[in-house]
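Peer 1: Mind having a look at this structure? Questions to follow.
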Amino acid sequence: MGSEAGMVIVGAGECGASAALALREQGYAGPVTLIGAEPHPPYERPPLSKDAMADEAEPMPKHAASPQRLTEAGVTHLAATEVRVIDRQAKTVATADGASLGYDRLLIATGSSPRRLPLAEGSRRCVTLRTFDDALAIRAHLRAGVRVLIVGGGFIGLELAASARKLGCPVTVIEAQPRILMRGVPAEIAETIHAAHGSAGVHVLCGKGIVAVEDITGGVRIRLADGHAVEGDLCVIGIGAVPNVALAAAAGLAIDNGVAVDGNLRTGDPDIFAAGDCCSFPLALYGGRRVRLEAWRNAQEQGALAAKNMLGAGEAHDAVPWFWSDQYDLGLQIAGLPDEGVETVCRDLGADAFILFHLAADGRLVAASGIGPGNAVARDIRLAEMLIARRAAPSPEKLSAADTKLKSLLAA
Amino acid sequence: MAEWIEACAADDIDEEDVIRFDHGGRTFAIYRSPDDEYFATDGLCTHEKVHLADGLVMDDIIECPKHNGRFNYKTGEAKRPPVCVDLRTYPVRVEAGKVLIQVG
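Those protein sequence lines, which keep their order, are chains F and H. One point on numbering: in our numbering, the residue at position 175 of the first sequence is 175, and numbering is uninterrupted. One point on numbering: in our numbering, the residue at position 104 of the second sequence is 104, and numbering is uninterrupted.
Here you go:
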């Protein structure tokens, strides 16, 4: 790295911040520039649908890397700066304000954006939730009695539903699929979550297509395919996220459900890497299956790994996918990819907590999904994650016997 | 002089494990190491207020159950992001099969 144009990271979310700090931890001494479109220092997104929405105190961004920490690490953070073009020949990026910045290695950590609902494009009552500013805008509306419609029974929508109920808002969730959380969450666990929302007074409508979204006097009306309509004061669209790939695509990099990278998070251009929500990568654990993960821990881990590989480490990503969700007093955690399993074994942890272990045809443990009050399932999910990483094939009898400690299976 | 409080019986905690102990409006985590020593720290992670007793003990590390931040529970040292603030530790002694901690 003699030229010292330095390292440039496009995207100052959890992933980009993690990469910037990791470059220093790895001993890199050249220039590090972290460019983000948002005005804030890098912050954690998970609280946005939860505490930042429902806590009494005015929310503040929870920094993933505070300005002080970035300064101490000698990272230049360009806030509110949009990168328009990557010039791979010149090895420069151009920003919206006309500046050009050279790089030795570039990391694309542009994240994802809420998927848009074309029917709702014209509505002034429909919003999405991705950024801290989005959260503030939604929070400003949430008062007792304000009717909230949520399109999409995924994590963002359901977490927001729980927060809105805490604040005394009537809430209706509209999901097109036959059940909530169709993608990546087993039916038994989705049922538990659905029941919790029912008990809290949320109207969850599943299998309901939407044919129109209309702004009406003082509110918004959603017409359903079955002829019914629901009305609210505010509508949040939570129908998933799409990777931010425009910059990479325009630079001629391969796109495959995200910026396509190899196991080392490197794109087809040896000087350009991608990590976090915006990239798809082969997961060795599942035979090289190409996945894209929208999860906090993945963003952090891939940012750190990309930093190492930008410095030439050549390490492959081999972490087990993992994420959590909190709704009411329930905590959900999933390690691995449940759809890789063909058989399910249940461990009853008592006190309304259980874990499903997902086994492949050859008996290998490929995923574990659990739900329970607070963090009741956390420790066993963590141990399951270790078993998954080791490609272990524990006996189904032992997995289902709550008095067999998972730690003992790890030692075996 | 800070008070010594009886937290639990020594065999309430498995080796290489942790339990929660609440006292006087505060919450603590009491650990038994793989080499059968006892330690105590504040009960909540310094990142977000999550009970560490729901986490996993691995050798001299406690891992937060929510975000996988890690501390050395013997020294309180923060060992892995997102935690960056050390955990407060408390003196522990074992007497007649009871675990006592000195809460300051």
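Think of the CB as a built atom: it goes at the ideal place given N, C-alpha and C, for glycine as much as any other residue.
What's the C-alpha gap between Glu44 (chain F) and Ala64 (chain F)?
Peer 2: 6 Å
Peer 1: Would Arg347 (chain F) count as contacting chain A if we go by Cβ distances under 9 Å?
Peer 2: Looking for chain A here will not work: the only protein chains present are F and H.
Peer 1: Between which two residues does the alpha helix (DSSP H) harbouring Leu410 (chain F) extend?
Peer 2: Leu406 to Ala411
Peer 1: Specify whether the segment 204–218 of chain F and the segment 68–88 of chain F touch according to this definition: at least 3 beta carbon pairs, one from each stretch, less than 8 Å apart.
Peer 2: no
Peer 1: For a cutoff of 9 Å on Cβ pairs, would you count Arg297 (chain F) as touching chain H?
Peer 2: yes
Peer 1: In chain order, what residues of the same chain have a beta carbon less than 6 Å from the beta carbon of Gly303 (chain F), not counting five sequence neighbours either side?
Peer 2: Closer than 6 Å at the Cβ level, and outside the excluded window around Gly303 (chain F), lie Cys15, Ser18, Ala19 and Ala275.
Peer 1: Would you call Gly168 (chain F) buried or exposed, if buried means 16 or more other Cβ atoms sit within 10 Å of its Cβ?
Peer 2: exposed
Peer 1: Could you check the C-alpha separation between Val455 (chain F) and Arg88 (chain F) for me, to the nearest Å?
Peer 2: Residue 455 (chain F) is absent from the model: chain F starts at 1 and stops at 412.
Peer 1: Taking 9 Å as the cut-off, decide whether the C-beta atoms of Val103 (chain H) and Ile19 (chain H) are in contact.
Peer 2: No, the Cβ-Cβ distance between Val103 (chain H) and Ile19 (chain H) is not below 9 Å.
Peer 1: How would you list, in chain order, the residues of chain F whose beta-carbon sits under 8 Å from the beta-carbon of Asp105 (chain H)?
Peer 2: Residue 105 (chain H) falls outside the range modelled here, since chain H spans only 1 to 104, and no answer is possible.
Peer 1: Provide the residue span of the beta strand (DSSP E) that contains Cys346 (chain F), from first to last.
Peer 2: Glu343 to Gly350
Peer 1: DSSP three-state call for Ala248 (chain F): helix, strand or coil?
Peer 2: helix
Peer 1: How would you list, in chain order, the residues of chain H whose beta-carbon sits under 9 Å from the beta-carbon of Arg382 (chain F)?
Peer 2: Within 9 Å of the CB of Arg382 (chain F), the CB atoms of chain H belong to Gly55, Leu56, Glu63, Pro65 and Asn68, in sequence order along the chain.
Peer 1: Taking the alpha carbon of Glu175 (chain F) as the point to measure from, which residue in F:Val236, F:Leu129, F:Ala144 and F:Ser163 has its own alpha carbon closest?
Peer 2: F:Val236
Peer 1: Take the Cβ of Ala351 (chain F) as the centre, count every other Cβ of all protein chains shown within 10 Å, and call the residue buried at 16 or more, exposed below.
Peer 2: exposed
Peer 1: For Arg391 (chain F), collect the residues of the same chain with a Cβ closer than 7 Å to its Cβ; drop the 5 residues on either side in sequence, then sort them by chain order.
Peer 2: Arg364
Peer 1: Going by C-alpha to C-alpha distance, which of F:Pro47, F:Ala246 and F:Asn264 sits closest to Asn257 (chain F)?
Peer 2: Of the candidates F:Pro47, F:Ala246 and F:Asn264, the one whose C-alpha sits nearest the C-alpha of Asn257 (chain F) is F:Ala246.
Peer 1: Quick one: which unbroken beta strand (DSSP E) runs of 3-plus residues sit fully inside the segment 30–96 of chain F? Chain order, please.
Peer 2: Counting only runs that start and end inside the segment 30–96 of chain F, the beta strand (DSSP E) elements of at least 3 residues fall at 32–35, 75–78, 83–87 and 92–95.
Peer 1: Determine the extent of the alpha helix (DSSP H) in which Leu337 (chain F) is found, giving its start and end residues.
Peer 2: Note, Leu337 (chain F): premise wrong, no alpha helix (DSSP H); not H, not E.
Peer 1: Identify whether Ser18 (chain F) lies in helix, strand or coil by the three-state DSSP scheme.
Peer 2: helix
Peer 1: Does the Cβ of Ser49 (chain F) have 16 or more other Cβ atoms within 10 Å, making it buried, or fewer, making it exposed?
Peer 2: Answer is buried; the Cβ neighbour count reaches 16.
Peer 1: Please report whether the beta-carbon of His23 (chain H) lies at a distance below 9 Å from any beta-carbon of chain F.
Peer 2: no
Peer 1: Assuming contact is defined by CB atoms lying nearer than 9 Å, are Val230 (chain F) and Leu253 (chain F) in contact in what I supplied?
Peer 2: no
Peer 1: Comparing C-alpha positions only, which one of F:Ala295, F:Ala251, F:Asp362 and F:Val127 sits nearest to His141 (chain F)?
Peer 2: F:Val127
Peer 1: Do the segment 52–71 of chain H and the segment 388–404 of chain F touch if we need at least three Cβ pairs shorter than 8 Å?
Peer 2: no
Peer 1: Output, in chain order, the set of chain F residues within a Cβ distance shorter than 7 Å of Val50 (chain H).
Peer 2: Asn375
Peer 1: Should Arg147 (chain F) be counted as a contact of the ligand GDP given a C-beta to heavy atom distance under 8 Å?
Peer 2: Questions concerning the ligand GDP fall outside what the structure shown contains, since it holds no ligand whatsoever.
Peer 1: Can you list, in chain order, the residues of its chain with a C-beta nearer than 6 Å to that of Phe155 (chain F)? Leave out the 5 residues immediately preceding and following it.
Peer 2: Contacts found: Ser325.
Peer 1: Using the C-alpha atoms, what's the distance from Phe21 (chain H) back to Leu44 (chain H)?
Peer 2: Here the alpha carbon of Leu44 (chain H) sits roughly 11 Å from the alpha carbon of Phe21 (chain H).
Peer 1: Is there a Cβ of chain H sitting closer than 9 Å to that of Ala64 (chain F), yes or no?
Peer 2: yes
Peer 1: Which residue comes first and which comes last in the alpha helix (DSSP H) that contains Pro396 (chain F)?
Peer 2: Pro396 to Ser400
Peer 1: Measure from the C-beta of Leu332 (chain F) to each C-beta in chain H and report whether the shortest distance is under 9 Å.
Peer 2: Not one chain H Cβ lies under 9 Å of Leu332 (chain F).
Peer 1: Report all residues from its chain with a CB closer than 7 Å to the CB of Ala137 (chain F); omit the five preceding and five following residues, and keep chain order.
Peer 2: Val127
Peer 1: State the beta-bridge partners of His51 (chain H) as determined by DSSP.
Peer 2: H:Leu44
Peer 1: If you pair each beta-carbon of the segment 5–16 of chain H with each one of the segment 362–380 of chain F, do three or more pairs fall below 8 Å?
Peer 2: no
Peer 1: Pair every Cβ in the segment 25–44 of chain H with every Cβ in the segment 52–63 of chain H, then say whether three or more of these pairs are closer than 8 Å.
Peer 2: yes
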